[in-house]
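Residue numbers (this note's numbering): 1 to 308.
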Ligand code: 0GY
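If you want it as structure tokens, here you go:
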């Protein structure tokens with residue numbers, strides 16, 4: 001008789017598994033490159049998915065993530081807690097502990113988190129907390145709770161990661177701008193890439209970045225943003241290029257493996273790596289995007305040592 005938990009772990013209907021045979025990228029990341037947005041899922045029979053989840057993913061283990069890291073030519077990962085695990089960070093911590101220092105994490109916590117729990121997450125390599133404002137992923141998010149947690153993690157040197165969609169930015173703008181830590185925005189705030197890169201919608205996101213030097217952006221997920229279909233993602237280039245060129249010292253990049261909630265195709269991670277030089281055209285921009293910036297945010301002690 002399977003356990004109650006296992007019965008609940010049938011993948012969401014229509015869920016597309018991650019690409020099992022990605023191509024070897026032609027672009028070679030610079031030495032020390034960091035994949036700064038990826039996840040581990042389960043395995044569900046060891047690390048159960050959260051009861052409040054909006055989707056049930058396929059399992060995507062730490063070993064599979066580390067194998068992909070090596071295959072793509074990357075050195076480190078930043079593993080980000082996804083909503084399917086709620087505020088249960090055990091799978092994340094397990095992956096961090098197994099990474100031999102090559103992974104750092106972004107957790108999800110609730111107001112009830114204790115100082116001792118925050119300390120334990122820090123010791124495991126967590127350096128930030130994520131708040132998901134995407135309505136299809138989370139029912140309600142209490143901004144008072146977000147502000148309170150942000151105040152608590154500030155003295156630890158952690159940052160806040162936020163995920164929202166472009167049409168929601170006007171509603172949240174002032175609140176986001178008031179956050180007291182570094183703030184990392186997932187996937188450029190999910191612009192609608194059929195709209196002009198110089199238009200008001202993306203303009204508001206660029207304003208947030210320009211007027212608030214504590215804001216960073218992940219120039220990730222062309223596969224989610226593109227309307228032009230698998231592997232090409234050409235329509236995303238002007239948006240990503242704009243962010244990289246305007247804010248070269250505050251951008252990060254990640255695969256988003258294992259690509260939760262993709263409904264059109266399983267992205268080829270090798271092709272995603274080959275997308276990097278299209279948005280970061282020079283060696284210098286690539287080094288900042290893939291090495292200097294993520295190292296400064298997630299392994300600051302190594303950056304300081306290098307500079308000393
Ligand atoms: C991503 C994107 C998605 C999912 C989540 O936490 C999550 O469940 O972030 C999405 O569905 O767009 O970056 O993983």
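Glycine included, each C-beta is placed from N, C-alpha and C at the ideal position. The model shown is predicted, which means the values in this text are computed figures rather than measured ones.
Asked: Look at the alpha carbon of residue 294 and the alpha carbon of residue 241, and state the distance between them as a whole number of angstroms.; Found: 18 Å
Asked: Per DSSP, what kind of secondary structure is residue 159 in: helix, strand or coil?; Found: strand
Asked: Enumerate in chain order the residues of its own chain whose CB-to-CB distance from residue 1 is below 7 Å, with the five nearest sequence positions on each side excluded.; Found: Model confidence at residue 1 stands at a pLDDT of 32, short of 50, so the residue's coordinates are unreliable; what they give is reported in the following sentence. Correct list: empty, nothing qualifies.
Asked: In this structure, does DSSP put residue 283 in helix, strand or coil?; Found: helix
Asked: Does at least one heavy atom of ligand 1 sit under 7 Å from the Cβ of residue 261?; Found: yes
Asked: With distances taken Cα to Cα, identify the nearest neighbour of residue 120 among 67, 92, 31, 137.; Found: 92
Asked: Closest to residue 86 by C-alpha separation, out of 78, 94, 108, would be which residue?; Found: 108
Asked: Assuming residue 83 and residue 21 are in contact, meaning their beta carbons sit under 8 Å apart, how far apart are those beta carbons, in whole angstroms?; Found: Contact flag wrong, Cβ pair sits at about 28 Å.
Asked: Per DSSP, what are the beta-bridge partners of residue 58 in this structure?; Found: Per DSSP, none; premise fails for residue 58.
Asked: Within 10 angstroms of the Cβ of residue 57, are there 16 or more other Cβ atoms? Answer buried if so, exposed if not.; Found: buried
Asked: For the region 74-161, which segments carrying the beta strand (DSSP E) assignment without a break, of at least 3 residues, lie completely within its bounds, in sequence order?; Found: 76-80, 103-107, 126-132
Asked: State the Cα-Cα distance for the pair residue 9 and residue 49, rounded to the nearest angstrom.; Found: 7 Å
Asked: Report all residues from its chain with a CB closer than 7 Å to the CB of residue 69; omit the five preceding and five following residues, and keep chain order.; Found: 35, 77
Asked: Would you mind sorting residue 74 into buried or exposed? The rule is 16 or more other CB atoms within 10 Å of its CB.; Found: buried
Asked: Residue 234: buried (16+ other C-beta within 10 angstroms of its C-beta) or exposed?; Found: exposed
Asked: Within 10 Å of its beta-carbon, does residue 46 have 16 or more other beta-carbons around it, so buried, or fewer, so exposed?; Found: exposed
Asked: Tell me the DSSP bridge mates of residue 185?; Found: 162, 217
Asked: Can you give the beta carbon distance from residue 189 to residue 166, rounded, assuming they're within the 8 Å contact cut?; Found: 5 Å
Asked: Are the CB atoms of residue 222 and residue 176 within a distance shorter than 8 Å?; Found: no
Asked: So is residue 24 buried or exposed if we call it buried at 16+ other beta carbons inside 10 Å?; Found: exposed
Asked: Measuring from the CB of residue 132, is there a heavy atom of ligand 1 at a distance below 7 Å?; Found: yes
Asked: Could you tell me the distance, in whole angstroms, from the CA atom of residue 287 to the CA atom of residue 29?; Found: 8 Å
Asked: Can you grab the Cα-Cα spacing for the pair residue 304 / residue 15, in whole Å?; Found: 43 Å
Asked: Specify the secondary structure class of residue 41 as computed by DSSP and reduced to three states.; Found: strand
Asked: Using C-beta distances below 7 Å, list every residue in its chain close to residue 267, excluding the 5 sequence neighbours before and after it, in chain order.; Found: 19, 223, 259
Asked: Taking 7 Å as the line, does the beta carbon of residue 173 fall inside it for any heavy atom of ligand 1?; Found: no
Asked: Look at residue 106 and residue 134 and say whether their C-beta atoms are less than 8 Å apart.; Found: no
Asked: Evaluate residue 159 with the Cβ neighbour count: other Cβ atoms within 10 Å of its Cβ, from every protein chain shown; 16 or more gives buried, anything less gives exposed.; Found: buried
Asked: If you run the structure through DSSP and keep just helix, strand and coil, what is residue 17?; Found: coil
Asked: Given this structure, state the Cα-to-Cα distance separating residue 261 from residue 137, to the nearest angstrom.; Found: 10 Å
Asked: When the distance is taken between beta carbons, is residue 273 closer than 8 Å to residue 353?; Found: Beyond the ends of the chain as shown, which are 1 and 308, falls residue 353; an answer cannot be given.
Asked: Let me make sure I understand the geometry here. Which of 155, 140, 145, 180 has the alpha-carbon closest to that of residue 164?; Found: 140
Asked: Taking the straight line between their C-alpha atoms, what separation do you get for residue 180 and residue 218?; Found: 19 Å
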